[in-house]
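Enquirer:
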Amino acid sequence: QAEQIASLDPLWDQKVKRAYPHIFSEGTIGESFIKKAKQLKNEVACKDGTSRALTYERLLTSALVLKSQFEKIQGNFIGVMLPASVGVYAMILGLILAKKTPVMLNWTVGARSLKYAKDLLNIQTILTAEKFLDKMPLLDISPIENEIVIMEDIRRQITLKDKLKGALKAKSSAQTIIDHLDLKDVDPNSPAVVLFTSGTESNPKAVPLSHFNILKNLESALDQIELSSADILYGTLPPFHSFGFSVTGLFPLLAGVRVFYAPDPTDSSQIAYDAEQFKPTMICLAPSFYKNIFRVAKQHQLKSIRLFVSGAEKAPLELIESIKMLGEGHQFLEGYGITECSPVVSINMPNVTGEGVGRPLSNLEIKVIHPETLDEIDPSIDGEICIYGPSVFSGYLGDGKKDPFILLDGKKFYRSGDIGHLDPKTGYLVLSGRLKRFVKIGGEMVSLGAIESEFCQHFVNPENPCLFVVSPLEAEDEKTKLAVMTNCQTSKEELNEILRISGFGRIVKIASVHFCEKIPLMGTGKIDYRKIEEMIKCEVSVAN
Numbered sequence: 001q002a003e004q005i006a007s008l009d010p011l012w013d014q015k016v017k018r019a020y021p022h023i024f025s026e027g028t029i030g031e032s033f034i035k036k037a038k039q040l041k042n043e044v045a046c047k048d049g050t051s052r053a054l055t056y057e058r059l060l061t062s063a064l065v066l067k068s069q070f071e072k073i074q075g076n077f078i079g080v081m082l083p084a085s086v087g088v089y090a091m092i093l094g095l096i097l098a099k100k101t102p103v104m105l106n107w108t109v110g111a112r113s114l115k116y117a118k119d120l121l122n123i124q125t126i127l128t129a130e131k132f133l134d135k136m137p138l139l140d141i142s143p144i145e146n147e148i149v150i151m152e153d154i155r156r157q158i159t160l161k162d163k164l165k166g167a168l169k170a171k172s173s174a175q176t177i178i179d180h181l182d183l184k185d186v187d188p189n190s191p192a193v194v195l196f197t198s199g200t201e202s203n204p205k206a207v208p209l210s211h212f213n214i215l216k217n218l219e220s221a222l223d224q225i226e227l228s229s230a231d232i233l234y235g236t237l238p239p240f241h242s243f244g245f246s247v248t249g250l251f252p253l254l255a256g257v258r259v260f261y262a263p264d265p266t267d268s269s270q271i272a273y274d275a276e277q278f279k280p281t282m283i284c285l286a287p288s289f290y291k292n293i294f295r296v297a298k299q300h301q302l303k304s305i306r307l308f309v310s311g312a313e314k315a316p317l318e319l320i321e322s323i324k325m326l327g328e329g330h331q332f333l334e335g336y337g338i339t340e341c342s343p344v345v346s347i348n349m350p351n352v353t354g355e356g357v358g359r360p361l362s363n364l365e366i367k368v369i370h371p372e373t374l375d376e377i378d379p380s381i382d383g384e385i386c387i388y389g390p391s392v393f394s395g396y397l398g399d400g401k402k403d404p405f406i407l408l409d410g411k412k413f414y415r416s417g418d419i420g421h422l423d424p425k426t427g428y429l430v431l432s433g434r435l436k437r438f439v440k441i442g443g444e445m446v447s448l449g450a451i452e453s454e455f456c457q458h459f460v461n462p463e464n465p466c467l468f469v470v471s472p473l474e475a476e477d478e479k480t481k482l483a484v485m486t487n488c489q490t491s492k493e494e495l496n497e498i499l500r501i502s503g504f505g506r507i508v509k510i511a512s513v514h515f516c517e518k519i520p521l522m523g524t525g526k527i528d529y530r531k532i533e534e535m536i537k538c539e540v541s542v543a544n
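Each residue of the sequence shown is one higher than the one before, counting from 1 in our numbering.
If you want it as structure tokens, here you go:
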């Protein structure tokens, strides 16, 4: 019934001429949002599957009303544990206006990581919703149970007087609201949010991103993407994901692009339905999520989407071919981003041929260092990618964290942990893989990602693409052995023959193959390398 009500929304379908997408990048996110809300007033800001479309004025009113409630909460760091929706971004904006720092918690990583985040930042309050918890009966919240505050309880405390005060305040000019909230007193370099790294290779790290970081990143990204005032973004990445929080979450609200929020990037049938019903023109997902969408969606359901944006993992050829099969007017755009860089680093222009993940943003400086000596090297040679610019964070929260920066030419460059180079002809950033996903065999650095890519090229299945994850098995007094986990029926003999033909066979041999129908993924869509490594070690141990 809620779905039927939401689909019959004349405001969403209203065709009005609106301002060209633009971000007010000076000051704080709170100031930027208020200026945009006053600029677009009664034009549609956002919508989701359970509510009617919200205008900018109504969204501003909601944020102001919630701000008054959030000011009563003790502590600066406030946990938020909810999927993408209109309500969660109204909450985030309300927290920012209340001068609180939202800490986006990833509920998919398990109880231990939730406790780690709570203890690290001394979080006393974690906002979530009863409706969300009811849908997640297997979610273990025992380590954070005492800190949980249910949003339905907060909303029940909001009086008619509170709502009227918020609505009246929202009618004031942008400058009046900013002055009244003392937002000029907020340092743009102070944390606007705390996000956690995915933890695919180690424990998640707490990344504080400032207002300045995020606004400068979004402004620069907008300069490199061709958007129109008619565009509609489909935002389904979770807010604990850096792309979800910033690119598909705040970006459309701050730029003036209509956005439809959906809570589950794995619900391919619902995404296909939403695309047909609400006609988004852009969608941003990890390749693993796209794979499922193209398996269940009919072509006409994706007709309105002109731009398919991919990130988090290298896009397989099957994805690009699937988009091409939709016909003209459908483009593929690949981006590269890092949580610590707020997150966009480079964007590959649609229909522009060139190897790699696109040109770095214009306000970023890229250098390449030797991964072992740490000396700066020719940027056209593979090495560790280092990044400097206004969107780079200031450092991890918590004691004992390794310094992620290196001093080059008197500037603090962030060491990304990614191996790659800059193409001297195109200026494109070309990635070879994660530094931690290289192993030394026979004195040579071998990319596990390159081996996986080689296998994928020999097992092409558009219906159910084959995935391969190579994991090192190190034993004392022995050279490194490699194991493979895959959802494809194969053998170590077949894989070693592929390596021999492709030139890897001289130094690389697969010691064991482990079948897994569903390759483990993180909540962000990235492959869960730590879990796979544990599964392989367990299977090898049992076999031995």
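Backbone N, C-alpha and C fix where the C-beta goes; we use that ideal spot for every residue, glycine too.
Between which two residues does the alpha helix (DSSP H) carrying GLN224 extend?
Expert: Run containing GLN224: 211 to 224, per the alpha helix (DSSP H) assignment.
Enquirer: For the alpha helix (DSSP H) containing MET151, name the first residue and the last one.
Expert: Taken as a continuous stretch (DSSP letters only), the alpha helix (DSSP H) holding MET151 covers 151 to 157.
Enquirer: Compare the Cα-Cα distances from LYS72 to each of VAL194, ALA297, LEU521 and LYS100 and report the closest residue.
Expert: Among VAL194, ALA297, LEU521 and LYS100, the Cα nearest to that of LYS72 belongs to LYS100.
Enquirer: Alpha carbon to alpha carbon, how far is LEU114 from ASN106? Give it in angstroms, no decimals.
Expert: So the two alpha carbons sit approximately 7 Å from each other.
Enquirer: Which stretch, first to last residue, makes up the alpha helix (DSSP H) that contains CYS456?
Expert: 448 to 458 is the span of the alpha helix (DSSP H), which, as asked, contains CYS456.
Enquirer: With DSSP collapsed to three states, give me the class of ILE29.
Expert: In this structure, ILE29 counts as helix in the three-state DSSP scheme.
Enquirer: In terms of DSSP beta bridges, what is VAL193 paired with?
Expert: According to DSSP, which records beta bridges pairwise, VAL193 is partnered with LEU209.
Enquirer: Helix, strand or coil for LEU114 per DSSP?
Expert: Helix.
Enquirer: The beta strand (DSSP E) that contains PHE77, what's its start and end?
Expert: 77 to 80 is the span of the beta strand (DSSP E), which, as asked, contains PHE77.
Enquirer: Grab the span of the alpha helix (DSSP H) containing GLU321 for me, first residue to last.
Expert: First-last of the alpha helix (DSSP H) with GLU321: 317 to 324.
Enquirer: Would ALA129 and LEU93 qualify as a contact pair, given that the criterion is a beta-carbon distance under 9 Å?
Expert: Against a cut-off of 9 Å, the Cβ pair of LEU93 and ALA129 comes out as no contact.
Enquirer: Across the stretch 34 to 44 and the stretch 186 to 197, are there enough close Cβ pairs to call them in contact, namely three or more that are closer than 8 Å?
Expert: The answer is no - the stretch 186 to 197 does not touch the stretch 34 to 44, with fewer than three Cβ pairs under 8 Å.
Enquirer: According to the neighbour-count rule (16 or more other Cβ atoms, all chains shown, within 10 Å of its Cβ), is PHE455 buried or exposed?
Expert: Its Cβ being crowded by 16 or more others within 10 Å, PHE455 is buried.
Enquirer: Under 7 Å Cβ to Cβ from PHE413, same chain only, skipping five residues before and after it: list those, please.
Expert: Within the same chain, PHE413 has close Cβ partners LYS367, CYS386, ILE387, TYR388, PHE405 and ILE406.
Enquirer: Spell out the partners DSSP gives GLN331 in its beta bridges.
Expert: Beta-bridge pairing links GLN331 to LEU307.
Enquirer: Residue range of the beta strand (DSSP E) that TYR89 falls in?
Expert: Not the beta strand (DSSP E): TYR89 falls in the alpha helix (DSSP H), residues 86 to 97.
Enquirer: Which residue comes first and which comes last in the beta strand (DSSP E) that contains LEU408?
Expert: Looking at the DSSP string, the run of the beta strand (DSSP E) that includes LEU408 is 405 to 408.
Enquirer: Return the chain-ordered list of same chain residues with a C-beta closer than 7 Å to the C-beta of LEU222, the five sequence neighbours on each side being excluded.
Expert: If we look at LEU222 and ignore the five residues flanking it on each side, its Cβ neighbours are PRO21, ILE23 and ALA255.
Enquirer: Buried or exposed for THR61, please, with buried defined as at least 16 other CB atoms from any protein chain shown within 10 angstroms of its CB.
Expert: When all chains shown are included, THR61 counts as buried.
Enquirer: Between VAL86 and LYS47, how many whole angstroms is the CB-CB distance? I'm expecting something under 8 Å.
Expert: Their Cβ separation, rounded to whole angstroms, is 7 Å, which keeps VAL86 and LYS47 in contact under 8 Å.
Enquirer: Would you check if the stretch 271 to 280 and the stretch 107 to 126 touch, i.e. whether three or more CB-CB distances between them fall below 8 Å?
Expert: Because the criterion of three Cβ pairs below 8 Å is not met, the stretch 107 to 126 and the stretch 271 to 280 do not touch.
Enquirer: Given GLU147, which residues of its chain have a CB within under 8 Å of its CB, disregarding the five upstream and five downstream residues?
Expert: Here the set comprises GLY79, LYS118, ILE123, GLN124, THR125 and ILE126.
Enquirer: With DSSP collapsed to three states, give me the class of LYS38.
Expert: Here LYS38 sits in helix by DSSP.
Enquirer: In its own chain, which residues sit with a C-beta less than 6 Å from the C-beta of THR197, not counting the 5 before and 5 after it?
Expert: Closer than 6 Å at Cβ, skipping near neighbours: PRO204, LYS205 and THR339.
Enquirer: Specify the secondary structure class of HIS180 as computed by DSSP and reduced to three states.
Expert: Correct three-state label for HIS180: helix.
Enquirer: So, for LEU326: in the same chain, excluding its five sequence neighbours on each side, which residues have a beta-carbon less than 7 Å away from its beta-carbon?
Expert: Cβ within range, chain order: GLN299 and LEU302.
Enquirer: Nearest to GLN224 by alpha carbon, out of ARG156, ASN363 and LEU467?
Expert: Of the listed residues, the one whose Cα sits closest to GLN224 is ASN363.
Enquirer: Tell me which same chain residues have a C-beta within less than 7 Å of the C-beta of ILE532, skipping the five on either side of it?
Expert: Cβ within range, chain order: VAL469, SER471, MET485 and PRO520.
Enquirer: Among residues of its own chain, excluding the 5 on either side of GLU476, which ones have a beta-carbon nearer than 6 Å to its beta-carbon?
Expert: Here GLU476 scores only 48 on pLDDT, less than 50, and its place in the model is too uncertain to base an answer on.
Enquirer: Using CA coordinates, which residue listed in TRP12, CYS516 and LEU54 is at the minimum distance from ASN487?
Expert: The shortest Cα separation from ASN487 among TRP12, CYS516 and LEU54 belongs to CYS516.
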